[in-house]
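Q:
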Amino acid sequence: MLRGGSAWVESIVTLALAIAAMVAVHGSPYLEAVALLTCTYAFIALGMYLPFIMGGALSMAYNAYLGVGAYAMALLATRGDWDLAWSLPIGMIIAAATAVVLGFATRRLSGFYLAAVTLLFGIAFTTWLVDAESVTGGSGGLQGLRVPVFAGKPLSNSTLVMLTILAVWIVALALSRLRNSPFGVAVRARRRAAIAVESCGIPVSTLTLVSLALGAAVASVGGSLFAVTNHAIVPESFAVDIVFLCIFMPLLGGQDRPWGAVLGAVLVVTFTFQLTFFKETGSLFFSLAVLLVLVIAPRGVLGYVLIGLQKLRGGGHAKTQGGAARNG
Amino acid sequence: MKSKAFKLWKSVAFTALAASAVAALVLPSVPARAQDKSPIIIGMLEDTSGGASFYSQLTAGSIKVAIEEINAKGGVLGRPLKLIEESDGNNPSQSPALVSRMIQNGAKVILLNSGSASAVASKKTLAEQKIPGLAPTNIDTRIGSAPDNEYSFMLPNPITDIGTIYAAAFQKMGVKTLGVISDDSPTIAGINGLLLPKIQAAGVTIVAQEKAPLDANDVTAQILRIKEKKPDAVLVCSLGGQLEVLFENTLYQQLRKTPRFSLASIGNQPATWKLAQPNALDGLVYAASIASNNPRSNALSKLLAAKQGAKFLGLTAYEAQGYDAVQLVKQAIEKAGQDDPTLIKTGLEHLSGYKPSFGSEKFTITFKADKHIGTDGLCGLVLMQFKGNKPGAPFKTYQAACD
Amino acid sequence: MPAQLFVSIVEIGCFFALIALGYLIVLYGAGFFHFALGPYAMFSALGAAYWVTVSEWPLWMAVLAGVAAAVGLSVVTELLVVRPIEKRVHGEELPSLIAVVATLFAVSQAGGTLFGRKPFPGQPWLDFEDPIEWGEAVIGGQTVIIVGVTLAIFILLAAWLRWSRYGQWLRAVGENQQAARTLGFPVARIRLAAFAMGGLIAGIAGPLFSPKAGVNFESGLSYSLFGFIALVMGGTGSIWAPLAGGLILAALQIAASYLFGSPSLNYATLIAAALFFAFRPEGLFARRVRH
C-alpha cells in the first residue's frame with residue numbers, strides 16, 4: 240500500500256522525469272519522432288495494464304482497439320475539419336464499445352480458449368480493414384491526413400510531443416491512483432479469487448467488462464496518436480503481432496506499477512528501433528528478455544529497481560507488495 | 482527462497498539496464514569522425530524482409546556497384562559517396578521515421594528503394610525537411626505528382642503508362658472482359674487505383690476482381706471465382722515473389738488457355754522463375770524495361786556479371802534503374818557544386834536528356850521543376866512474353882511505338 | 008464445388024491435422040496446450056529451405072536437421088520455460104499461457120534472425136513432371152506425399168500410444184499429473200516424451216507443407232492458431248480426432264473463400280471457433296470417461 244507521503248513522491252518524481260524527457264527531445268525532429276512512437280507504445284501498454292496485469296483478463300484483440308482509434312482519428316481528419324478535442328473521445332468510445340461486446344461474448348471463456356478467440360478477432364479485424372475499402376481505404380489505407388488542430392489552433396510537432404508526454408504521465412498517474420482505489424482493489428482481487436469478490440456483492444463479469452472497456456479506450460489513444468504523427472495509416476500497422484508487444488511491455492517493464500508499462504514501452508522502442516547495433520535482431524533480444532523475466536525475474540525491470548531503491552533507503556526487510564510475482 | 486545477494490544483484494542489473502535504455506534513446510548516435518575528404522552521405526530506404534524485398538535487394542545491389550565504381554574514380558567533387566541504409570519492411574507507416582533518422586545521420590539525398598507506398602508516405606517528410614528523394618523503381622504516379630512532391634522524384638515509367646500500353650494492347654487483341662487477381666499490399670492497392678480506371682476507360686469491363694493476402698498458401702478459390710466469369714484475359718497485379726508464383730501456378734492449372742498479363746514484377750525477378758511449376762509461366766506477358774538495342778544496358782549487364790559473379794541472373798529493370806539513379810544523383814550534386822540538399826534538388830531539376838541503361842536506345846530521362854517523373858515517353862517499357870519459364874521474345878501482338 | 012478445391016482442402020486439412028495432433032500428444036502427456044508448436048513447424052520448414060538453398064545441403068539432410076531442431080526447441084521449452092513456471096504458480100493458467108506465447112514470439116524471431124526475414128520457397132519432396140489428372144482436378148507430387156506422410160504419422164502414433172510403454176503411460180497421465188505421480192508414474196519423463204513427440208510432429212509438418220506456398224518467419228502464429236482450432240473442433244476423444252478437426256477447418260475456410268470471397272476465410276474461422284467454444288468445447292470426438 241502506498242502511504243500518503245510516497246504518493247506525493249511518486250507524482251513528483253515521475254513528473255520530473257516527464258519534463259526531463261520533453262526537454263531532451265525538444266528541437267530534434269528525429270528525437271521527437273522517437274518520443275511520439277514511445278508514447279504510442281506507452282498508451283498501448285497502459286491499456287493492457289488495467290485489465291490484464293491488474294485483472295488477469297487476457298484479451299488479445301488489442302490491435303483492434305488500436306486500429307479503431309487510428310482509423311476513427313484518420314477518417315475524421317480526412318472527411319472534414321476536425322479538432323483533437325472531440326475526435327479523440329469518439330475513437331475511445333468506439334474502442335470501449337468493441338471491448339465490451341467482445342468481452343461479453345467471451346465471458347465464459349478463459350485461458351487458452353479466450354486467447355484463441357480474441358486473437359482470431361484481431362485477425363478478422365485486420366482482414367476487415369483490408370476488405371471494407373469504402374470505409375477504411377482498403378489495403379492502401381488512408382493517406383494525406385492533414386495537420387491536426389487542437390482547441391482551434393493547428394498543432395505543431397513540438398507542441399504535440401509535449402502534450403503527448405504529459406498525457407502519458409496523467410494516464411499512468413491516474414491508473415496508479417486507481418490501483419489503490421476500491422475499484423482497483425476489486426479488480427486485483429478478481430485475479431486471485433473471483434469467488435471472494437462475488438461474495439462482497441461485486442459482480443465479477445461487470446468488473447471485467449469495465450476494466451476491459453477502460454483498457455481499450457486507453458489503447459485507442461495510442462492508435463489515434465499514431466494516425467496523427469504519420470499522416471498516413473495502413474492496415475499492416477495493426478496486424479496481430481503488435482499484440483505480442485502489448486503483452487510484453489508491461490511484463491518486462493514491471494508489473495507492480497503502471498510506470499512499469501511506460502518503462503516497457505521505452506525498452507521496446509530502444510530494443511527494436513533505436514539501437515542500430517541490434518538492427519533487426521532487436522526483437523529477438525526483446526523476446527528473450529521477456530522469457531527471462533517470466534522465468535526468473537517476474538517482477539520486471541521496475542520491480543527490481545524499486546527493491547534496490549528500498550534497500551538503499553535502508554528499508555531492510557520491508558515486505559514487498561503481496562510478495563509473489565503475480566501482483567498487479 | 483532466493484538469496485538477498487541474488488536479489489540485490491538483480492536490482493543493480495535492472496537499474497543499469499533501465500538507465501542505459503533511457504540514455505540510448507535520448508543520446509544521438511555518435512557523429513562520424515571529421516576527415517579531410519568527408520564523404521557525401523546518401524540514404525537508402527529499402528525493404529529487406531517484406532513483400533518488396535524481392536526487388537528491393539536487386540536494386541540495392543546495383544546501387545552499391547554504382548557507388549563503388551564512382552568512388553574508385555575519385556568520387557563526386559573529390560569526395561567519396563557513402564551509403565547508409567534503413568529497412569522499413571514494406572510498411573509505409575515506418576518510412577517517415579526511418580527517413581528522418583537517415584537525415585539526422587547526415588544524408589543529403591534519399592534513394593527510395595522500398596515499395597511504392599513507402600515512397601508515397603515519405604513525400605511529406607522530405608518536403609518538410611527539404612531533402613530530395615529519388616525513387617528508382619517505384620511506379621506509383623503519386624510519387625512524382627502533387628501534392629507535397631516538391632522534393633520527391635521518380636525514375637521509371639509510372640503505372641499510368643503501363644495502363645496506357647495495356648489498354649492499347651487489349652484493344653488490338655479484342656479483349657473486352659478482364660479478370661484481375663491482386664495481393665493485399667498497400668503498394669498494389671495504390672497501383673490498382675491508378676491502373677484499373679485507365680483500362681476501364683479504354684472500354685474493357687473488369688468482370689472479376691479477387692485478392693489474396695501476402696501470406697496466402699492457397700489461391701484456388703480465388704482463381705476459380707475468376708474462372709466462372711469467363712474473362713477474355715487475366716491480369717495479375719502483385720509485388721511478385723512467392724505469391725505471384727502461386728498465382729501463376731494456379732492460373733496455369735485452371736485457366737491455361739486464357740491470355741495472362743503481369744505488371745513489372747515476376748518478369749523482372751529471375752530468382753523466382755525456377756520456383757514455378759514446369760511451364761507454368763508459358764505465354765505470360767509482362768512489362769519489361771530492357772531492350773536488346775540499348776548499348777548501355779549491355780554494358781551494365783557485363784559490369785554486373787563481373788562484379789556479382791554467379792549471383793547475377795541477367796539484367797532487369799530493377800538493377801538498371803538503381804544504377805541510373807545513382808548516376809543521376811551524381812550529376813545533380815556536380816551541378817550543385819556542393820552537397821547542399823536544396824541545391825541538389827535544383828540540380829536534379831536541370832537534368833535533361835540523360836540516356837539511361839533501360840528502355841530502348843533513343844529513350845531519355847528529363848527532370849524539370851514541374852516534371853518530377855523522369856521518363857520522356859513510353860519507350861522505357863517493352864512488353865515481353867515468357868516461353869516456358871524463361872522470357873522469350875518481345876510480345877508480337879503489340880508494342881508501344883518506339884524507334 | 009469444383010473438384011480442385013477438394014484437393015486444396017485435403018492438403019491444408021492434413022497440415023492442420025498434424026499440428027492438432029501435436030497439441031493432442033502434449034495435452035495427453037502434460038495437460039498443457041502447446042501454443043508454440045506453430046513456430047516449431049515454421050522453424051523446421053524455414054531452416055530446411057535455407058539449408059537447401061543457401062548451404063546447398065541435400066534435401067533429406069536439411070529436413071532431418073529441421074526436424075531435429077523442432078524437437079530440440081520443444082524439449083528446451085519444456086525444461087527451461089514451462090516446467091519452472093508451472094512449478095512456481097501451481098495451477099494458475101495465465102502465467103503458463105503468457106510464457107508459451109512469449110516462446111511463440113521468441114522462436115519466430117529466432118527463425119527470422121537465423122534464416123533471414125525474406126520468405127523462402129519450400130522444397131518439394133516429390134515432383135511429378137506430369138501431375139495426376141483426376142477428373143477436373145490436378146494432383147501434384149507433393150500432394151500425394153502430404154497425404155501419405157500424414158496418414159503414416161497418425162497410424163504410427165496410434166500404434167505407439169497403444170503398444171509402447173511411454174505411449175501407454177502418456178494416455179494414463181493426461182491432465183491429472185498429481186494422481187499420476189502418486190501412482191508412481193515418472194511424470195517428468197513422460198512430459199518430456201510428450202513435448203519431444205509434439206516437436207517431432209510439428210517438425211515434419213513444416214517442411215511437408217511449405218512447398219505449397221513457401222514459408223517465412225512470421226508464419227508460425229497462424230499455424231499455431233489454426234492448429235489449436237482444429238484440435239478443439241476435432242476433440243480429444245480419439246487419436247484420429249485431430250484429422251477430422253483439421254479437415255473440417257480446412258473445408259470451412261476453403262468453402263468460405265470460394266463462396267464469399269477471400270476475406271471470409273478469417274470471418275468464418277472466427278465465427279466457427281466462437282460457436283464451437285461456446286456450444287461444443289469438447290469437440291466432435293469427446294473423451295469418454297471409463298468407469
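Residue numbers (our numbering), protein chains in the order written: chain A, 240 to 567; chain B, 482 to 884; chain C, 8 to 298. All C-beta atoms in this analysis are idealised placements derived from N, C-alpha and C, irrespective of residue type, glycine included. In this text the structure is predicted, and so the values were computed from the model without any measurement.
(1) In chain A, which residues lie with their C-beta within 8 Å of the C-beta of residue 601 of chain B?
(2) Do the segment 581-601 of chain B and the segment 520-534 of chain B touch if we need at least three Cβ pairs shorter than 8 Å?
(3) How many whole angstroms separate the CB atoms of residue 151 of chain C and residue 215 of chain C, which I take to be in contact at a CB cut-off of 8 Å?
(4) Can you name, in chain order, every residue of its own chain whose Cβ lies under 6 Å from the Cβ of residue 733 of chain B, other than the five neighbours on each side?
(5) With a threshold of 16 other CB atoms inside 10 Å of the CB of residue 702 of chain B, please say whether the residue is buried or exposed.
(6) What is the C-beta distance between residue 25 of chain C and residue 212 of chain C, in whole angstroms, given that I count them as a contact (C-beta under 8 Å)?
(7) Any beta carbon from chain D within less than 7 Å of residue 739 of chain B's own beta carbon?
(8) Using the beta-carbon count (16 or more within 10 Å), is residue 512 of chain B buried or exposed?
(9) Could you tell me if residue 97 of chain C is buried or exposed, where buried requires 16 or more neighbouring beta carbons within 10 angstroms of its beta carbon?
(10) Comparing the C-beta of residue 26 of chain C with each C-beta of chain A, is any distance below 7 Å?
(11) Rounded to a whole number of angstroms, what is the C-alpha to C-alpha distance between residue 505 of chain A and residue 47 of chain C?
(12) I'd like the list of long-range same chain contacts for residue 264 of chain A, defined as Cβ closer than 8 Å, with 5 residues on each side in sequence excluded.
(13) Leaving out the 5 sequence neighbours to the left and right, which residues in its chain are closer than 6 Å to residue 518 of chain B when beta-carbon positions are compared?
(14) I want to see whether chain A comes within less than 7 Å of residue 116 of chain C, judged by CB atoms only; does it?
(15) Residue 141 of chain C lies in the alpha helix (DSSP H); which residues open and close that run?
(16) Which residues in chain B sit within 9 Å of residue 249 of chain A, going by Cβ to Cβ distance?
(17) Between residue 272 of chain A and chain B, is there a C-beta pair that is closer than 7 Å?
(18) Of the choices C/49, C/180, C/248, whose alpha-carbon is the least far from that of residue 78 of chain C?
(19) Contact criterion: CB-CB distance below 7 Å. Does residue 677 of chain B meet it with respect to chain C?
(20) Which class does residue 878 of chain B belong to by DSSP, given the choice of helix, strand or coil?
(21) Do you know how far the Cα of residue 663 of chain B is from the Cα of residue 80 of chain C?
(22) Is it the case that the Cβ atoms of residue 263 of chain C and residue 252 of chain C are separated by a distance below 7 Å?
(23) Could you tell me if residue 495 of chain A is buried or exposed, where buried requires 16 or more neighbouring beta carbons within 10 angstroms of its beta carbon?
(24) What residues in its chain sit with their C-beta under 7 Å from that of residue 380 of chain A, if we drop five residues either side in the sequence?
(25) Using 8 Å as the Cβ pair cut-off and three pairs as the minimum, do the segment 334-349 of chain A and the segment 294-303 of chain A touch?
(26) Cα separation between residue 231 of chain C and residue 800 of chain B?
(27) Can residue 56 of chain C and residue 119 of chain C be called in contact, C-beta distance under 7 Å?
(28) Could you give the first and the last residue of the continuous beta strand (DSSP E) run that contains residue 743 of chain B?
(29) Less than 7 Å between the C-beta atoms of residue 106 of chain C and residue 533 of chain A, yes or no?
(30) Along chain C, in chain order, which residues have C-beta atoms closer than 9 Å to that of residue 505 of chain A?
(31) Identify every run of the alpha helix (DSSP H) within the segment 463-492 of chain A, keeping only runs that are complete inside it and at least 4 residues long; order them along the chain.
(32) Leaving out five residues before and five after residue 694 of chain B in sequence, what residues of the same chain have Cβ atoms less than 6 Å from its Cβ?
(33) Name the chain C residues whose beta carbon is nearer than 7 Å to that of residue 529 of chain A?
(34) Which chain C residues are close to residue 575 of chain B, counting only those with a beta carbon under 7 Å from its beta carbon?
(35) Figure out for me which residue from C/103, C/27, C/223, C/22 has the closest Cα to the Cα of residue 244 of chain C.
(36) To the nearest angstrom, how far is it from the Cα of residue 535 of chain A to the Cα of residue 526 of chain A?
A: Put simply:
(1) 382, 471
(2) yes
(3) About 12 Å separates the two Cβ atoms, so there is no contact after all.
(4) The beta carbon of residue 733 of chain B sits closer than 6 Å to the beta carbons of 761 from its chain, once the five residues preceding and following it are set aside; these are given in chain order.
(5) buried
(6) Their Cβ separation, rounded to whole angstroms, is 4 Å, which keeps residue 25 of chain C and residue 212 of chain C in contact under 8 Å.
(7) Here chain D cannot be found, since the structure's protein chains are A, B and C.
(8) Note that residue 512 of chain B scores 46 on pLDDT, short of 50, meaning its location in the model is unreliable; the coordinates nonetheless yield the value given after this. Exposed is the call here.
(9) exposed
(10) no
(11) 30 Å
(12) 270, 271, 273, 274, 400
(13) 560
(14) yes
(15) In the DSSP assignment, residue 141 of chain C falls outside any alpha helix (DSSP H) and within the unbroken beta strand (DSSP E) covering 139-141.
(16) Per Cβ cutoff of 9 Å: no residues; residue 249 of chain A is ~16 Å from chain B at best.
(17) Yes, residue 272 of chain A lies at the interface with chain B (some Cβ there is under 7 Å from its Cβ).
(18) C/49
(19) no
(20) coil
(21) Going by C-alpha positions, residue 80 of chain C is about 37 Å away from residue 663 of chain B.
(22) A distance of 7 Å or more separates the beta carbons of residue 263 of chain C and residue 252 of chain C.
(23) It is buried - the Cβ of residue 495 of chain A has at least 16 other Cβ atoms within 10 Å.
(24) 471, 472, 473, 474
(25) When Cβ pairs closer than 8 Å are counted between the two stretches, the segment 334-349 of chain A is seen to touch the segment 294-303 of chain A, the count reaching three or more.
(26) Here the C-alpha atom of residue 231 of chain C lies approximately 39 Å from the C-alpha atom of residue 800 of chain B.
(27) Going by C-beta atoms, residue 56 of chain C is not nearer than 7 Å to residue 119 of chain C.
(28) 741-743
(29) yes
(30) Going along chain C, no residue has its Cβ under 9 Å from residue 505 of chain A, so there is no contact; the nearest lies around 19 Å.
(31) 480-492
(32) 665
(33) Per Cβ cutoff of 7 Å: 109.
(34) By Cβ distance, chain C contributes nothing, its closest Cβ being about 14 Å from residue 575 of chain B, past 7 Å.
(35) Among C/103, C/27, C/223, C/22, the Cα nearest to that of residue 244 of chain C is on C/27.
(36) Residue 535 of chain A and residue 526 of chain A: Cα-Cα distance of roughly 14 Å.
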